[in-house]
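Undergrad: Residue numbers (our numbering), protein chains in the order written: chain C, 6 to 145; chain E, 217 to 302. Note that the Cβ used here is the ideal one computed from N, Cα and C, for glycine as well. Sending over a structure as structure tokens; questions will come in a sec.
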């Protein structure tokens, strides 16, 4: 099971809102290489890992990715605070705002909702670990 | 100027971050004594800081409990609020 610790893994303090920036950063939440995909990838793949230290590692990494999801969500939330509807509709966040207002909803930068098709879990450790390297390589 | 709560939380955040990375290293290097000692040292520091935080500001984790007149778990700012994290 999981339990919640009421703190961010790394603090987020955004001084000035910026809806256009939020519209790009949200891809790191719900995009093909985002944090939701990362956590779901590791937490799904761990069951078929034959070595305990590797399945345990995947649990810890998958859990940490959930903490990253919370950090990115906090960034989106703080970038979109205290804005007028006009300010948002004149920004790159306009299309997102039509459906979600300033609620945090996991989408890619172009608006595609988060999809599990962005990761694989094949039951074969070499295949899965190779996929992990490709996924994290996309972020580095 | 950071308040006492922010200072304590910042210390817990920093130590936890070190523990997060050291834990990952130890998962694949379980016989590394230096890393084990480092983790143990951080663990002791974190326990002391967490006890102090919980006694002063209420629970940070879902299983912590501090006797109070009313339920305190949902009190205080949420971590994602601008003033809610250190």
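1. In three-state terms, what does DSSP make of residue 277 (chain E)?
2. Looking at the structure shown, is residue 130 (chain C) part of a helix, part of a strand, or coil, going by DSSP?
3. If we call anything under 8 Å between Cβ atoms a contact, is residue 126 (chain C) one with residue 49 (chain C)?
4. Please classify residue 86 (chain C) as buried or exposed, where buried requires at least 16 neighbouring CB atoms within 10 angstroms.
5. Run down chain C in chain order and give the residues with a C-beta less than 8 Å from the C-beta of residue 239 (chain E).
6. Can you tell me whether residue 55 (chain C) is helix, strand or coil according to DSSP?
7. In terms of DSSP beta bridges, what is residue 112 (chain C) paired with?
8. Provide the residue span of the alpha helix (DSSP H) that contains residue 241 (chain E), from first to last.
9. Please list the partners that residue 58 (chain C) has in chain E, where partner means a Cβ-to-Cβ separation under 8 Å.
10. In angstroms with no decimal places, state the Cα-to-Cα distance between residue 40 (chain C) and residue 271 (chain E).
11. Mapping DSSP to helix, strand and coil, what is residue 285 (chain E)?
12. For the candidate residues C:12, C:15, C:33, whose alpha-carbon lies nearest to that of residue 115 (chain C)?
13. Candidates C:104, C:61, C:8, C:140: which alpha carbon is nearest residue 280 (chain E)'s?
14. Check whether chain E comes within 8 Å of residue 61 (chain C), counting only Cβ atoms and requiring the distance to be less than that.
15. Can you tell me the Cα-Cα spacing of residue 297 (chain E) and residue 97 (chain C), whole angstroms?
16. Check whether the region 284 to 299 of chain E and the region 76 to 95 of chain C touch, using three or more Cβ-Cβ pairs below 8 Å as the test.
17. Chain E beta carbons: is any one of them nearer than 8 Å to that of residue 12 (chain C)?
18. Taking the alpha carbon of residue 146 (chain C) as the point to measure from, which residue in C:130, C:43, C:141 has its own alpha carbon closest?
19. For a cutoff of 8 Å on Cβ pairs, would you count residue 278 (chain E) as touching chain C?
20. Per DSSP, which residues does residue 10 (chain C) bridge with? Please list them.
21. Whole angstroms is fine: what's the gap from residue 72 (chain C)'s alpha carbon to residue 46 (chain C)'s?
22. In the DSSP assignment, find the unbroken alpha helix (DSSP H) run with residue 101 (chain C) in it and report its ends.
23. Measure the Cβ-Cβ separation of residue 234 (chain E) and residue 265 (chain E) and say whether it is below 8 Å.
24. Since residue 19 (chain C) meets chain E, which of its residues come closer than 8 Å, beta carbon to beta carbon?
TA: Taking the definition as stated:
1. As a first step, residue 277 (chain E) is located in the second chain; it is residue number 61 there, counting from the start. Residue state, collapsed to three classes: strand.
2. Here the question's residue 130 (chain C) lines up with position 125 in the first chain. Helix.
3. In the first chain, the residue the question calls residue 126 (chain C) occupies position 121. In the first chain, the residue the question calls residue 49 (chain C) occupies position 44. The answer is yes: Cβ separation under 8 Å.
4. Counted from its first residue, the first chain places residue 86 (chain C) at position 81. So residue 86 (chain C) ends up on the exposed side.
5. Counted from its first residue, the second chain places residue 239 (chain E) at position 23. Within chain C, the residues near residue 239 (chain E) are 65.
6. For this step, residue 55 (chain C) is matched to residue 50 along the first chain. Correct three-state label for residue 55 (chain C): coil.
7. In the first chain, the residue the question calls residue 112 (chain C) occupies position 107. Residue 112 (chain C) pairs with C:118.
8. As a working mapping, residue 241 (chain E) is identified with position 25 in the second chain. 220 to 244 is the extent of the alpha helix (DSSP H) around residue 241 (chain E).
9. Counting from one through the first chain, the residue named residue 58 (chain C) turns up at place 53. Residues of chain E passing the Cβ test: 243, 244, 246.
10. Residue numbering aside, residue 40 (chain C) sits at position 35 when the first chain is read from its first letter. Residue numbering aside, residue 271 (chain E) sits at position 55 when the second chain is read from its first letter. About 33 Å.
11. Walking along the second chain from the start, residue 285 (chain E) turns up at place 69. Residue state, collapsed to three classes: coil.
12. Numbered from its first residue, the first chain carries residue 115 (chain C) at position 110. Of C:12, C:15, C:33, the residue nearest in Cα terms is C:33.
13. For the purposes of this step, residue 280 (chain E) is taken as the residue at position 64 of the second chain. Cα-wise, what sits closest to residue 280 (chain E) is C:8.
14. Translated into the one-based positions of the first chain, residue 61 (chain C) becomes position 56. With 8 Å as the cut-off, residue 61 (chain C) counts as an interface residue toward chain E.
15. Position 81 of the second chain, counting from 1, holds the residue named residue 297 (chain E). Position 92 of the first chain, counting from 1, holds the residue named residue 97 (chain C). Each residue's Cα considered, the two are about 23 Å apart.
16. yes
17. What you label residue 12 (chain C) is simply residue 7 of the first chain in a count that begins at 1. Yes, residue 12 (chain C) lies at the interface with chain E (some Cβ there is under 8 Å from its Cβ).
18. No answer is possible for residue 146 (chain C): it lies beyond the span of chain C, which begins at 6 and ends at 145.
19. Taking the first residue of the second chain as position 1, residue 278 (chain E) is located at position 62. Judged by the 8 Å Cβ criterion, residue 278 (chain E) is in contact with chain C.
20. In the first chain, residue 10 (chain C) corresponds to position 5, counting from 1. E:277.
21. Taking the first residue of the first chain as 1, we reach residue 72 (chain C) at position 67. Taking the first residue of the first chain as 1, we reach residue 46 (chain C) at position 41. Taking the straight line from one Cα to the other gives about 15 Å.
22. For this step, residue 101 (chain C) is matched to residue 96 along the first chain. Run containing residue 101 (chain C): 99 to 105, per the alpha helix (DSSP H) assignment.
23. Walking along the second chain from the start, residue 234 (chain E) turns up at place 18. Walking along the second chain from the start, residue 265 (chain E) turns up at place 49. Their beta carbons are not under 8 Å apart, which means residue 234 (chain E) does not touch residue 265 (chain E) by this criterion.
24. For the purposes of this step, residue 19 (chain C) is taken as residue 14 along the first chain, with counting starting at 1. The answer, in chain order, is 298.
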